[in-house]
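Take a look at the structure below.
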């Protein structure tokens, strides 16, 4: 990556059902921002948004911010509409990693629970805020690499291993072995098991089972200094792609 990119803040929250909201006109994003606090969007250059509902057609503007933005200095908004949070996160990391990209950005994502007759999808709506920037604050990890992988690449561990090795080498951690974080029931994990002759990761960790595209948020929220590099892979629930993010390493 051209310059270090750090996780400055991350928050993942369960969203209250509509009948439990004080005002039934309130958007789910209001609950996310209330939990994250005003600092999550303070001083950012770009905000990416994703409002995803499993089984729904892509598209539709998110546009939740006119009533929040006066409290902050101006920033650009890139609305991903019906794209998954995983896709929006990869785009944000890629955007901030370019030499001409803005210094600090945030992803605000909402994943709505499935509706009757639509599957797969989460049973409970959730939301998350992820803030990324070039300065190290708090205790968040450094993002060493990020990519959206097609099914052939994600399903072959040697290919993923080579990609992670390139990221580690570029980050000055060529001698480290990452812990691979992947859902036990994911397509990626099943493909690796079916091709066990190709080899498997030396270190594997399975997060709690959850059919969701929001796994990135609790993973980063649980990361602590000294954890060491971790490679996170998660299926996009409805597509044939997977998100790969490598995080960890010392400060630069």
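Residue numbers (this note's numbering): 297 to 548.
Backbone N, C-alpha and C fix where the C-beta goes; we use that ideal spot for every residue, glycine too.
Since we're looking at a predicted model, the values are computed, not measured.
Cβ-Cβ distance between residue i and residue j below 8 Å
i           : j           : result
residue 523 : residue 407 : no
residue 473 : residue 443 : no
residue 392 : residue 428 : yes
residue 433 : residue 328 : no
Residue range of the beta strand (DSSP E) that includes residue i
i           : result
residue 528 : 526-531
residue 406 : 401-407
residue 346 : 342-348
residue 517 : Residue 517 -> not in any beta strand (DSSP E); alpha helix (DSSP H) instead, spanning 512-518.
Buried versus exposed call for residue i [16 or more other C-beta atoms within 10 Å across all chains shown]
i           : result
residue 492 : exposed
residue 526 : buried
residue 381 : buried
residue 458 : exposed
residue 541 : buried
residue 460 : buried
residue 500 : exposed
Nearest residue (CA-CA) to residue i, options the options
i           : options            : result
residue 513 : 544, 455, 423, 452 : 423
residue 310 : 399, 304, 330, 488 : 330
residue 336 : 470, 405, 451      : 405
residue 343 : 483, 539, 378, 387 : 387
residue 502 : 476, 397, 486, 450 : 476
residue 399 : 341, 409, 448      : 341
residue 441 : 433, 376, 464      : 464
Nearest-angstrom beta carbon gap, residue j and residue i [assumed within contact, 8 Å]
i           : j           : result
residue 438 : residue 301 : 7 Å
residue 495 : residue 454 : 6 Å
residue 504 : residue 421 : Contact doesn't hold; Cβ gap of about 17 Å is too wide.
residue 436 : residue 484 : That belief does not hold up - the Cβ atoms of residue 436 and residue 484 are roughly 25 Å apart, past 8 Å.
residue 305 : residue 346 : Going by Cβ atoms, the distance from residue 305 to residue 346 rounds to 17 Å, so no, they are not a contact pair.
Span of the alpha helix (DSSP H) around residue i
i           : result
residue 391 : 381-392
residue 375 : From DSSP, residue 375 is part of no alpha helix (DSSP H) but of the beta strand (DSSP E) over 372-375.
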